[in-house]
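The block underneath contains the structure these notes are about, expressed in structure tokens.
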Amino acid sequence: MSSSATAAVCSSEYCNAGWSEVLTHMSPYGWASFGVAFGLGLSIVGAAWGIWLTGSSLVGAAVKAPRIRSKNLISVIFCEATAIYGVIMAIILTNKIKEPEDATDYLAQGWDYPGYYYAGYGMFSAGLSVGLTNVASGVSVGIAGSSCAIADAQDASLFVKILIVEIFASALGIFGIIVGIIQSNACNFPIAALS
Amino acid sequence: MTEIVRGFDGCPSWAPAFGYMGASLCMILSSWGSAWGTWRAGLGVCHMGIDHPAGIIKNIVPIVMAGVLGIYGLIVSVIITQAVAPPGDEHNSYSVFNAYTHLAAGLCCGLSCLAAGGTIGVLGDAGVRAFGIKAENGRKWYWDAAGAMDTDGGDELGGGGGGGNKGSAEGANKLYVGMLIMLIFSEALALYGLIVALILSQHNYVCN
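Just so you know, the protein sequences line up as chains A and B, in that order. In terms of the working numbering, the first sequence has 335 at position 159, counting the first letter as 1, and numbering is strictly consecutive. In terms of the working numbering, the second sequence has 201 at position 158, counting the first letter as 1, and numbering is strictly consecutive.
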């Protein structure tokens, strides 16, 4: 069903044109850049949250049981991995943000605007997916790691068993980047010059 | 003064925004639910493990069930992502109908998994701690060999247990079965969301 014009129903300068006004009045490059920002920034927030959660318990428990220090750094490394996922996604998305070959002040009449918008929305949602999933993963790994340190301080044989919990928690970050890569795969700005 | 001419474009260029939001929200919300279940139940397992280490492997079950919620979100998210069609050369084929449907599907699965994750977490936390207390007959690691606390005024659960107390392993296993049944009902909540999301994602309207 292509667009069909009917009689004008709103002729004031305060009318809005519906969702189109919200979603298409921002440049697709803006959407893509916000995707990069959220993807990286929120992943770092998640990693930081996890690291301070697990690190504070680790140093506290190590007061009475110094032997746990080196082994329980693996919890910190799990949290760092969620930050790395954010960096990977940000690099993938940044490499897709390209200038049109025929760059002028105004794009020509027959430009592939829907293609631009599709790519912009896709990159925004890929970044958001990765970022917010890594917040969840980071917090989860942090709390699991904190409990792991405390349990290890109590009884050294508990460490490996509690590590299973952390592995499940860090799997969430992997799911996030899988979804992010699949979403951003199809999203390429149509920058080729019009013939 | 701009004149807004209202027409109906079934496949506008802003439609993929909603489709992608559905896919993203599905993954995000279900991973929040999975994380909530994992850390909450994991806390319980860790605290139980201090008094009763033998029960840790058996009580990883709530954490595995919470992890499955992340997989549900991944499945639905990928299904929705594949269904968001890129614009063609002539016209767009991804309709607003599809966009709203995919947004609804994503929210269905995501919010259900969020709720199920919270349920599994809190249930798992309480259940495994109770399992540990029951299996050890209330004994704590800081009690001495006689089964009493160092300070006086130990409670009646110290030592061998008073009359009317079942064998601790048998009682703990009954408690474990009860916890498992409750966890299965909680997992069913996420399954409802997954089923409805899959049904919703079958609906299709293509502009031609």
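Even for Gly, the Cβ is constructed at its ideal location relative to N, Cα and C.
| Check | Outcome |
| --- | --- |
| Let me see if you follow: with CB-CB separation under 8 Å, is B:ASN216 close to chain A or not? | no |
| What residue range is occupied by the uninterrupted alpha helix (DSSP H) comprising B:HIS90? | 58-94 |
| Check distances from the C-beta atoms of the segment 144-159 of chain B to those of chain A and list, in chain order, the residues that come in under 8 Å. | none |
| Between which residues of its own chain and A:SER234 is the CB-CB distance below 6 Å, once the five residues before and five after are set aside? | Here residue 234 of chain A is Leu; the residue named in the question, Ser, does not match the sequence. If we look at A:LEU234 and ignore the five residues flanking it on each side, its Cβ neighbours are ASN248, ALA325. |
| Name the chain B residues whose beta carbon is nearer than 9 Å to that of A:ALA238? | Simply none; closest approach about 16 Å. |
| Take B:HIS145 as the anchor and find which of B:PRO59, B:ILE227, B:GLY53, B:GLY175 has the nearest alpha-carbon. | B:PRO59 |
| Given this structure, state the Cα-to-Cα distance separating A:GLY352 from A:VAL263, to the nearest angstrom. | 13 Å |
| Whose C-alpha, out of A:SER188, A:ALA369, A:SER187, is nearest the C-alpha of A:ALA117? | Within the shown structure, residues of chain A are numbered from 177 to 371, placing residue 117 of chain A beyond reach of any answer. |
| Within the same chain, show all residues whose beta-carbon is closer than 7 Å to that of B:SER279, passing over the 5 residues directly before and after it, in chain order. | In the structure as shown, chain B begins at 44 and stops at 251. Residue 279 of chain B is therefore absent and cannot be evaluated. |
| Compare the beta carbon distance of B:CYS250 and B:ASN135 with 8 Å and say whether it is the shorter of the two. | yes |
| Could you give the C-beta distance for B:SER73 and B:GLY153, rounded to a whole number, given that I count them as a contact under 8 Å? | 5 Å |
| Report buried or exposed for A:LYS240, applying the criterion of at least 16 other Cβ atoms within 10 angstroms of its Cβ. | exposed |
| Could you give the DSSP three-state label for B:GLY207: helix, strand or coil? | Bear in mind that a pLDDT of 38 at B:GLY207, under 50, signals an unreliable position, so the number given afterwards is only what the model happens to contain. Correct three-state label for B:GLY207: coil. |
| Mind checking if B:TYR185 is an interface residue toward chain A, Cβ cutoff 8 Å exclusive? | no |
| Helix, strand or coil: how does DSSP classify A:TYR261 here? | helix |
| Answer yes or no: does any C-beta atom of chain A fall closer than 8 Å to that of B:GLY110? | yes |
| Could you tell me how far apart the beta carbons of B:VAL165 and B:ARG83 are, in whole angstroms, since I believe they sit closer than 8 Å? | 6 Å |
| According to DSSP, which residues form a beta bridge with B:VAL249? | B:TYR137 |
| Using 8 Å as the threshold, is the C-beta distance between B:VAL88 and A:VAL341 below it? | yes |
| Note the first and the last residue of the continuous alpha helix (DSSP H) segment covering B:THR124. | 104-126 |
| Just checking: is the beta-carbon of A:ALA369 within a distance shorter than 8 Å of some beta-carbon in chain B? | no |
| Report the three-state DSSP secondary structure of A:PHE351 (helix, strand or coil). | helix |
| What does A:PHE344 reach in chain B if we use C-beta pairs closer than 9 Å? | SER77, THR81, GLY85, ILE103, ILE106, VAL107, ALA109, GLY110, GLY113 |
| Would you mind sorting B:GLN125 into buried or exposed? The rule is 16 or more other CB atoms within 10 Å of its CB. | exposed |
| Counting only beta-carbon atoms, is A:PHE351 nearer than 8 Å to chain B? | yes |
| Assign B:TRP184 to one of two classes, buried (16 or more other C-beta atoms within 10 Å of its C-beta) or exposed (fewer than that). | exposed |
| Quick one: grab the DSSP three-state call for B:HIS145. | helix |
| Restricting to Cα atoms, I'd like to know which of A:CYS191, A:GLY211, A:HIS201 is closest to A:ILE357. | A:GLY211 |
| Please check if any C-beta of chain B sits within less than 8 Å of the C-beta of A:TYR190. | no |
| Using the three-state DSSP reduction, which class does A:ASN361 fall into: helix, strand or coil? | helix |
| Using a C-beta to C-beta distance shorter than 8 Å, which residues of chain A count as neighbours of B:ALA66? | SER301, SER305, VAL355, GLN359 |
| Based on Cα-Cα distance, which residue from A:GLY217, A:GLY226, A:SER333 lies nearest to A:ILE319? | A:GLY226 |
| Does the beta carbon of B:THR162 sit closer than 8 Å to a beta carbon anywhere in chain A? | no |
| Within the same chain, show all residues whose beta-carbon is closer than 8 Å to that of B:ALA169, passing over the 5 residues directly before and after it, in chain order. | GLY87 |
| Would you verify that the beta carbon of A:LYS272 is, or is not, closer than 8 Å to some beta carbon of chain B? | no |
| Helix, strand or coil: how does DSSP classify B:GLU199 here? | Confidence at B:GLU199 is low in this model, with a pLDDT of 47, below 50, so its placement is unreliable and the value that follows should be read with caution. Three-state DSSP puts B:GLU199 in coil, outside helix and strand. |
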